[in-house]
Amino acid sequence: MTESHSENLRQALEKARREISLLDPTWMASRSGTVYDFSETAFEVPFFDEFLKVSYPAGLVERVDRRGVTDTEALICLHYLIQADGTPVRHEWVAYRDLPGARYHEPAFVAEVERPLSLGLAGRLQALREWSDRHARTLEIAGDIALAWEAFPHIPLLIIFNEQDEEFPASARVLFDISAPNYLPTEDLSILAEIAAARLLAGLQLLSDGTVD
Numbered sequence: 000m001t002e003s004h005s006e007n008l009r010q011a012l013e014k015a016r017r018e019i020s021l022l023d024p025t026w027m028a029s030r031s032g033t034v035y036d037f038s039e040t041a042f043e044v045p046f047f048d049e050f051l052k053v054s055y056p057a058g059l060v061e062r063v064d065r066r067g068v069t070d071t072e073a074l075i076c077l078h079y080l081i082q083a084d085g086t087p088v089r090h091e092w093v094a095y096r097d098l099p100g101a102r103y104h105e106p107a108f109v110a111e112v113e114r115p116l117s118l119g120l121a122g123r124l125q126a127l128r129e130w131s132d133r134h135a136r137t138l139e140i141a142g143d144i145a146l147a148w149e150a151f152p153h154i155p156l157l158i159i160f161n162e163q164d165e166e167f168p169a170s171a172r173v174l175f176d177i178s179a180p181n182y183l184p185t186e187d188l189s190i191l192a193e194i195a196a197a198r199l200l201a202g203l204q205l206l207s208d209g210t211v212d
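Encoded structure:
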């Protein structure tokens, strides 16, 4: 991470913490699908397969087991609480390029999310099915497997994977519910998909090692 990127991230975190301190916690909880604990003055935020704890009004983010999170994870979590407006999930899926302002950034999304995921999943269809049984919902959508994985309560990600064959290489796509921009900025959604891809591949590695996460 470059020094300028680190400084920009620090400033973004400070800004998000100022913003969250000005909002009503019950208002944020009701719209984000999270729980606000008045006794602890903190939110409990489902994040993939774990829970994050967000203090209020300070906006400090940690895992419920007190382990730390990355600054990027913290920022996305704060943005989710701030931007969530309670719009219902529509179960209508769109590509990244169809999100607001994303069209010209699609090549980067493919390079940073979908291509690494395609390569990492190649030859691992059965393992992906086993992983999905534990962590996601399998949907009846065209593809060798299509699974919906909740990143946040109102942000499911749809991962569609086709295994390699004699004619085509393995391919993976990550789609978003059409309501996703009501919960996070487009740039954050790209980063969220990148986090999801990394976590999925790490989970498959645990399976192959015989370790159940």
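Quick note on numbering that gives the first Met the number 0: the sequence shown kicks off at 0 and runs consecutively.
Even for Gly, the Cβ is constructed at its ideal location relative to N, Cα and C.
Going by C-alpha to C-alpha distance, which of the options sits closest to residue i?
i	options	result
I140	I158, A41 and I154	I158
S54	F47, T71, F46 and D36	D36
R89	A126, D176 and Y103	D176
F47	D164, H4 and C76	C76
I154	R123, E165, Q10 and R30	R30
L206	D132, V60 and L191	D132
A57	Q204, F160, A169 and R16	R16
A73	S38, A169, G202 and E43	E43
K14	L191, L59 and V34	L59
P24	T40, A11, R9 and L12	T40
From the DSSP output, which residues share a beta bridge with residue i?
i	result
W26	The partner list for W26 (beta bridge, DSSP) is empty, contrary to what the question assumes.
F151	I154
I144	F160
V60	V53
V34	E43
T137	L146
R172	I159
V93	F175
So residue i and residue j are supposed to be a Cβ contact under 8 Å. How far apart are they, rounded?
i	j	result
V173	L156	6 Å
P99	T185	5 Å
G122	Q163	7 Å
F215	I144	Outside the modelled stretch of the chain, which goes from 0 to 212, sits residue 215, for which no answer is possible.
L12	D70	6 Å
Quick one, are the C-beta atoms of residue i and residue j less than 8 Å apart?
i	j	result
A32	P152	The question names Ala, but residue 32 is Gly in the sequence shown. Going by C-beta atoms, G32 is nearer than 8 Å to P152.
A28	V112	no
S170	S117	yes
R65	E49	no
Y95	S189	yes
Meets three-Cβ-pair contact criterion under 8 Å: the stretch 144–155 and the stretch 101–115 = no
If you pair each beta-carbon of the stretch 79–98 with each one of the stretch 170–186, do three or more pairs fall below 8 Å?
-> As far as the Cβ criterion goes, the stretch 79–98 touches the stretch 170–186, which means the pair count is three or higher.
Within the chosen definition, does the stretch 129–137 reach the stretch 67–83 through at least 3 CB pairs nearer than 8 Å?
-> As far as the Cβ criterion goes, the stretch 129–137 does not touch the stretch 67–83, which means the pair count is below three.
May I ask you to verify whether the stretch 19–35 touches the stretch 110–129, counting CB pairs closer than 8 Å and requiring at least 3?
-> no
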